[in-house]
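These notes are about the structure you will find just below.
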Amino acid sequence: MSETDWRARKKASTRRAIKDHALRLILANGFEATTVEEIAAAAGVSHMTFFRHFPRKENVVEIDDYDALMGEQLAARPVDEPPLTAVHRAVRGAVVRIPPADQATILVRATLVLRTPALRDRNHLNLQTGKENFAAWLASRAGQAEPDLATKVLAGAAVAALSSAITAWVEQEGAVGLELLLDEAFGALGVPPVTAAAG
Numbered sequence: 001m002s003e004t005d006w007r008a009r010k011k012a013s014t015r016r017a018i019k020d021h022a023l024r025l026i027l028a029n030g031f032e033a034t035t036v037e038e039i040a041a042a043a044g045v046s047h048m049t050f051f052r053h054f055p056r057k058e059n060v061v062e063i064d065d066y067d068a069l070m071g072e073q074l075a076a077r078p079v080d081e082p083p084l085t086a087v088h089r090a091v092r093g094a095v096v097r098i099p100p101a102d103q104a105t106i107l108v109r110a111t112l113v114l115r116t117p118a119l120r121d122r123n124h125l126n127l128q129t130g131k132e133n134f135a136a137w138l139a140s141r142a143g144q145a146e147p148d149l150a151t152k153v154l155a156g157a158a159v160a161a162l163s164s165a166i167t168a169w170v171e172q173e174g175a176v177g178l179e180l181l182l183d184e185a186f187g188a189l190g191v192p193p194v195t196a197a198a199g
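Now the structure itself:
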């Protein structure tokens, strides 16, 4: 293993440890009552190390671990596939590749975000970032230098479907798989259901 690979793995391991300990402490004590210093101490790092990984305390519970995977899935979709269908299949493809234990953790994080005012407010900013990311992915796929208005509208619709599916997943306490709720949400936008042939 090269030094670069080792450093990347070390960074990912530290980031994961901080997130895991933060989630445990916040669930036990509440978001407002849990300090960065407590999270850092539990993870065995300094508070400066915490801030190297997370600019704000709110960032530590954000659900962004699989953004790159979604991007890879979208890039792999057929270029002649309708944009919203491509996004649906890409997001769905990412979700079904997440191990069950990690899905359970994501559900806990999503529940915490949606039920904590400070985190819910922050989530609105993340949704905007999500729109920008989807718009950039779709624009690149369509050969656009910058997303045009139609692409931005499609990206907004995709984020609305994803957000609605996650909210329903939280409300149902994970009783229905997120991939099925994604099917329903994107289906409301006219995206055809997944078939064995379509993937």
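Every letter in the sequence shown is one number past the one before it in full-length UniProt numbering, and letter 14, counting from 1, is 14. We treat Cβ as the ideally placed atom computed from N, Cα and C, and that holds for glycine.
By the Cβ criterion, the segment 81-100 is in contact with the segment 177-190, since at least three pairs of Cβ atoms, one from each stretch, lie closer than 8 Å. Taking R109 as the centre and dropping the five residues before and after it, the same chain places the C-beta of L23, V61 and I63 closer than 7 Å to its C-beta, in chain order.
About 5 Å separates the Cβ atoms of I18 and A43, confirming a contact at the 8 Å cut-off. Contact check for L189 against L84 passes: the beta carbons are separated by less than 8 Å. Under a 10 Å Cβ-count criterion, Q128 is classified as exposed, with fewer than 16 other Cβ atoms of the shown protein chains found around its own Cβ. Less than 8 Å divides the Cβ of A40 from the Cβ of T49.
DSSP assignment within the segment 37-114 yields the following whole alpha helix (DSSP H) runs of 4 residues or more, N-terminal first: 47-53, 67-75 and 83-96. Rounded to the nearest whole angstrom, the CA to CA distance from H53 to T14 is 9 Å. Residue range L178 to G187 is occupied by the alpha helix (DSSP H) that includes E184. Around the CB of A8, fewer than 16 other CB atoms lie within 10 Å, so the residue is classed as exposed. Take S164, set aside five residues on each side of it, and the residues of its chain with a beta-carbon closer than 7 Å to its own are A185, in chain order. Of the other Cβ atoms in all chains shown, fewer than 16 fall within 10 Å of the Cβ of L125; this residue is therefore exposed. In the structure shown, G130 adopts helical secondary structure according to DSSP, grouped into three states.
Excluding five sequence positions before and after Y66, the CB atoms of its chain that fall closer than 7 Å to its own CB belong to A94 and I98, given in chain order. For V36, the closest alpha carbon among the candidates P55, H47, T195 and E171 is that of H47. When only Cα atoms are considered, V113 and G130 end up about 16 Å apart.
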